[in-house]
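In the order they appear, the protein sequences are chains A and B.
Just so you know, the first sequence maps onto residues 1 to 301 in this note's numbering.
Just so you know, the second sequence maps onto residues 302 to 599 in this note's numbering.
Quick reminder that beta carbons are idealized off the backbone N, C-alpha and C, glycines included.
Heads up, the thing below is written out as structure tokens.
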Amino acid sequence: MVRGVPVPRGAATKRMWTAYAFLLPAMVVYGTFVAGPILLSVYYSLFDWSGVSRTGTFVGSGNFGRLLQDSVFWRAVGNNLRLVAGSLVTQLPVALGLALLLTRGLRGMRFFRTAYFVPHMMPTVAIGILWIFIYDPSMGVVNDLLARLGLHGWMRGWLGDERTALWAVIATIAWQFIPFYMILFQAALVGIPQELHEAAAIDGATGSKAFWYVTLPLLVGTIRTAVVLSLVGSLKYFDLIYIMTGGGPNHASELMATHMFKTAFNQFQMGYGSSVAVASFLIAFVVSALLLYVTQFRREA
Amino acid sequence: MSTSGDARAALSIQRPSVRTRRRPVWKRRLNEAGAYLLALVWLAVAAFPIFFMGLTAFKTMREFLVSPWELPSRLNLSNFGSVWASDFPRYLTNSVFVSVVSVLLIVALSSLAAYAFARMTFPGRRPLFLWILAGMMIPIHITLIPIYIMTQRMGTYDTLVALIGPYVGFGLPISVFILTEFFSQIPKELEDASRIDGCTYFQTFYRITLPLAGPALATVAIYNLIGAWNEFIFASVLLQSPEAFTLPLGLRQLFGQFGIDTPAVMATVLLGSLPTILFFVVFQERVVSGLTAGALRS
């Protein structure tokens, strides 16, 4: 109800249709390009279909049976979990540390903040290409540094080596995303009222004590947000892996999304690719729901 | 030195009630020095790859091979010349077109929808709102195959127009969310007055609400502009011919084209990164609020 406006009879119906008219364009586009395709994905996942022919062969849950046997898919699931762990363990603590550093009120920190944020503003493809050169076995900066330090045994083709490919990209992803979480934490830290720190200081809480007993508890909400964002982001991650390693060598850095992409668009198995997409969506959904449940529960306990 | 001392004195005059046990000066100095040291260490980590990129882009291939670490003997711009002579300008205009059109559509559609959610009552308001917000949780790649098939059948495959639908669709949920929150905070009385003066809902929305929503609209626009500008996965599935490539695909194309000519590749990467970095330096606060808005409000 819109207060204060005299409403003639029949106006309620008219207002309702006005509201629907306001919503219509957004709903049509959203339905066509977001909601509809999800349902179609589920539908396609029931077919053996190349995508070239008009229709495929109905196989029911056959694609999902095949998925259970697909060792590359399970390897990808494992790699996605490594990416989750790697991101949570490196990105969030470093970002929090940097945010604390930037909010200490020291001179020149505005410059540092701007400089720290620049990596996050580069297009992901540019970051990928740049880091391919940094990791290059013969011309790369990493190996050059190691050689100068006399650590010749550590030199390798970082992206071509099965043992290091995934971790090398995880490091690059951290380089790209630490600035984002840093800004997130900084915004939360700036939002903490100065009075709280002053009150705590009167009670004798300074330095690390103030951090553990005042700052950290007030950051819990933001930390939870950051964990959820990082987790969901890591489970659906695609870009830098696809650009830097393509999932290789020998699937060592394969993720659910790159596996889906290659199945559908390189091997033209649209039906099976859809079932990989649906399964990875379900995995991401269950893991995030679990996380939300656990953190929610923790808060109330 | 004396100025900072004065400032500190002024502060303690302002807040006489707070008396904390002051640590000795040498301890504080040491602490500050440690903080700056840490700040410099991270500066090295964050900036070194970018420094390396800049350094290499101004070198000749020969110089790069002889000494990757040394400064170039003279400011050599030929690498940028060859990037500019390539298809790079075309990729740039393609990206500008797709991003600008997508952002305009997102802002128009999401502000209309948000206005209805924030200001009107109608059956199904809450479920529809939740339904559109659910889009924030959807991983893009689950829609990739259907959208690829759809584009093939609609005949828009391999055109820039094909990208606009998905970009707008996926930009809507967060934008509707941010704008609905913002519109709800605008005092209702302003709109009531215009309604009494005989404005239609659309006139009220267009003449009263939108002009008041400038900051929120800017946040939404910038958030989506950066997203559309960098988008990679839809572009690589829906575009095939280099004439239609957006900047991200174009960068990858040039990376393949220049091959082992590292300085040329670095010039490409540098030129490709410049637009968003400059945009950030100029609109710093807006960019930051745009990027954190979605995250912090949820």
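Asked, Found
"Please list the terminal residues of the continuous alpha helix (DSSP H) segment that includes residue 227 (chain A).", "216–235"
"Helix, strand or coil: which one does DSSP assign to residue 48 (chain A)?", "strand"
"I need the boundaries of the alpha helix (DSSP H) containing residue 493 (chain B), first residue and last residue.", "489–497"
"From B:587, B:427, B:332, pick the residue whose C-alpha is nearest to that of residue 23 (chain A); which is it?", "B:427"
"Find the residues of chain B that neighbour residue 114 (chain A), judging by a C-beta separation of less than 9 Å, and give them in chain order.", "581, 582, 585"
"If the cut is a Cβ gap below 9 Å, which residues of chain A does residue 553 (chain B) touch?", "125, 128, 129, 243"
"Looking at C-alpha atoms only, which residue of B:348, B:369, B:530 is the closest neighbour of residue 179 (chain A)?", "B:348"
"Report the CB separation of residue 536 (chain B) from residue 549 (chain B) in whole angstroms; it is logged as a contact under 8 Å.", "6 Å"
"What does the alpha-carbon distance come out to for the pair residue 320 (chain B) and residue 202 (chain A)?", "In this predicted model, residue 320 (chain B) has a pLDDT of only 49, less than 50, meaning its place in the structure is not dependable enough to derive any value."
"Counting pairs of beta carbons, one from the stretch 498–508 of chain B and one from the stretch 468–477 of chain B, are three or more of them closer than 8 Å?", "no"
"So if DSSP puts residue 57 (chain A) in a beta bridge, which residue, or which two residues, is it bridged to?", "A:48"
"Note down the Cα distance separating residue 257 (chain A) from residue 333 (chain B), rounded to an integer number of angstroms.", "45 Å"
"Buried or exposed for residue 175 (chain A), please, with buried defined as at least 16 other CB atoms from any protein chain shown within 10 angstroms of its CB.", "buried"
"Could you pull the start and end residues of the alpha helix (DSSP H) that residue 528 (chain B) belongs to?", "515–531"
"Count the CB pairs spanning the stretch 523–537 of chain B and the stretch 586–594 of chain B that are closer than 8 Å, and state whether there are at least three.", "yes"
"Can you find a C-beta in chain A that's less than 7 Å from the C-beta of residue 593 (chain B)?", "yes"
"Using only CA atoms, which one of B:369, B:527, B:532 lies nearest to residue 139 (chain A)?", "B:369"
"Please list the terminal residues of the continuous alpha helix (DSSP H) segment that includes residue 98 (chain A).", "71–102"
"How would you write the range of the alpha helix (DSSP H) that residue 259 (chain A) sits in, first residue to last?", "256–265"
"Below 8 Å, how does it come out for the stretch 565–585 of chain B and the stretch 106–126 of chain A: are there three or more Cβ pairs, yes or no?", "yes"
"Please work out which residues of its chain come closer than 7 Å, Cβ to Cβ, to residue 196 (chain A), disregarding the five sequence neighbours upstream and downstream, and give them in chain order.", "214"
"Alpha carbon to alpha carbon, how far is residue 261 (chain A) from residue 495 (chain B)?", "52 Å"
"Counting only the same chain and skipping the five closest in sequence on each side, list residues whose C-beta sits under 7 Å from that of residue 364 (chain B).", "373, 374"
"Give the residues from the stretch 140–172 of chain A that approach chain B closer than 8 Å (Cβ to any Cβ), ordered along the chain.", "141, 144"
"For a cutoff of 7 Å on Cβ pairs, would you count residue 430 (chain B) as touching chain A?", "no"
"DSSP three-state label for residue 372 (chain B), please.", "coil"
"Between the alpha carbons of residue 137 (chain A) and residue 249 (chain A), how many angstroms are there, rounded?", "15 Å"
"Pick helix, strand or coil for residue 249 (chain A), following the three-state DSSP scheme.", "coil"
"Span of the alpha helix (DSSP H) holding residue 403 (chain B)?", "389–420"
"For residue 188 (chain A), which residues in the same chain have their Cβ closer than 7 Å to its Cβ, ignoring the five residues on either side in sequence?", "219, 222"
"Beta-carbon of residue 574 (chain B) versus every beta-carbon of chain A: anything under 7 Å?", "yes"
"Show which residues of chain B have a CB atom less than 9 Å away from the CB atom of residue 98 (chain A).", "339, 340, 343"
"Candidates A:234, A:272, A:159: which alpha carbon is nearest residue 132 (chain A)'s?", "A:159"
"Exposed or buried, what is residue 128 (chain A) when buried is set at 16 or more other beta-carbons lying within 10 Å of its beta-carbon?", "buried"
"From the beta carbon of residue 470 (chain B), is the nearest beta carbon of chain A less than 7 Å away?", "yes"
"Using the C-alpha atoms, what's the distance from residue 356 (chain B) back to residue 151 (chain A)?", "25 Å"
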